[in-house]
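Asks: Starting off with a structure, shown below.
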Amino acid sequence: MRIVFLIILSASVLLSCTSIEEKQEKHTYQILSLLVDEFGRPIKPPPPEGQKPYFTNKQIDSIMNRKQTIGVHHLLKHRKENLSITKNIDDESYLELLKVFSEYNEDLNLDITKLKSNKGYTVIFLDSLKSKQEQYITYDKQLYFSRIAFDDSFKKALTAISIKHSGYFLCLLEKEKEKWKIRNSKMIYIY
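The opening residue of the sequence shown carries number 0 in numbering that gives the first Met the number 0; numbering runs sequentially from there.
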């Protein structure tokens, strides 16, 4: 009787671990897809210094609706963040996630086939063998993702994203009506 009980207990623990890993993977790719759409979008061109904007609304719409080619790094990197950035976080639950985020000590491989852009962007892995000039020509944006820290209920998450020629952002996310939303993103430094 004891053996049967131990087998059932072991099986349920094993299945619950698998279930948590599957949930984490599912939510990770939902968030990464959201970040591709939000941070991969084109940027409006600034007017020349000291001049008023001379682009028409039609030209700006054309630029903003252009399909992007987004290059992403093949790893979800672990980051050792300085906890002094906590002044940017106003919710205690996100401070707990920041501690979890800072304790990650290994990178994870990214499965590019699970990234889906709702805006129609092409998402490909960065080719590190290309020269900087070739990379500049090939990719409209280059994104480097970090590991994602989730709360126990998978309702809140915290991650960071680096965008080449832009910045390093700390992102606080929240799940509302079964969809992830960026609650807040703060530029930590220029990259």
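We treat Cβ as the ideally placed atom computed from N, Cα and C, and that holds for glycine.
Bear in mind that the values here come from a model prediction, so they are computed numbers and not experimental data.
Please report the distance separating the alpha-carbon of Ile123 from that of Phe38.
Replies: Those two C-alpha atoms are separated by around 15 angstroms.
Asks: Any idea if Arg65 is buried or exposed, counting beta-carbon neighbours within 10 angstroms, 16 or more meaning buried?
Replies: Arg65 comes out exposed.
Asks: With burial defined as no fewer than 16 other Cβ atoms inside 10 Å of the residue's Cβ, what is the status of Lys140: buried or exposed?
Replies: That one is buried.
Asks: Can you name the start and end residues of the beta strand (DSSP E) that Lys180 belongs to?
Replies: From DSSP, the beta strand (DSSP E) with Lys180 extends over Lys178 to Ile189.
Asks: Would you give the residue range spanned by the alpha helix (DSSP H) that Ser92 belongs to?
Replies: Ser92 -> alpha helix (DSSP H) spans Glu91 to Glu102.
Asks: In this structure, how does DSSP classify Leu169 when only helix, strand and coil are distinguished?
Replies: If DSSP states are grouped into helix, strand and coil, Leu169 belongs with the strands.
Asks: Could you check whether Asp60 and Ser116 sit closer than 8 angstroms to each other, using their CB atoms as the reference points?
Replies: No, the Cβ-Cβ distance between Ser116 and Asp60 is not below 8 angstroms.
Asks: Starting from the C-beta of Ile62, find all residues in its chain whose C-beta is less than 6 angstroms away, skip the five residues before and the five after it, and write them out in chain order.
Replies: Hits under 6 angstroms: Pro41.
Asks: Report yes if the CB atom of Leu75 is closer than 8 angstroms to the CB atom of Asp106, and no otherwise.
Replies: Their beta carbons are under 8 angstroms apart, which means Leu75 touches Asp106 by this criterion.
Asks: Taking 7 angstroms as the limit between beta carbons, can you name the residues of its chain near Lys180, skipping five residues before and five after?
Replies: Here the set comprises Leu172 and Glu173.
Asks: Out of curiosity, what's the CA-to-CA distance linking Leu202 and Gln50?
Replies: In this structure the chain extends from 0 to 190, so residue 202 is not present and cannot be described.
Asks: What is the DSSP secondary structure of Ser152, counted as helix, strand or coil?
Replies: Looking at Ser152 - three-state DSSP - the assignment turns out to be coil, as it is neither helix nor strand.
Asks: Work out the CA separation of Tyr167 and Asn104 for me, nearest whole Å.
Replies: Approximately 19 angstroms, taken between the alpha carbons.
Asks: Counting along the chain, where does the beta strand (DSSP E) carrying Thr121 start and finish?
Replies: Element bounds for Thr121: Thr121 to Phe124.
Asks: Gln58 to Tyr138, Cα distance in whole Å?
Replies: Whole-angstrom Cα-Cα distance: 21 angstroms.
Asks: Indicate the three-state DSSP secondary structure (helix, strand or coil) for Leu82 in the structure shown.
Replies: Residue placement at Leu82 is flagged as unreliable, the pLDDT there being 49, under the threshold of 50; a coordinate-derived value is accordingly withheld.
Asks: Less than 8 angstroms between the CB atoms is what I'm expecting for Ala159 and Arg78, so what's the real figure, rounded?
Replies: Sure, about 6 angstroms apart at Cβ, within 8 angstroms.
Asks: In chain order, what residues of the same chain lie with their CB nearer than 6 angstroms to the CB of Val99, ignoring the 5 residues before and after it?
Replies: Cβ within range, chain order: Ala148.
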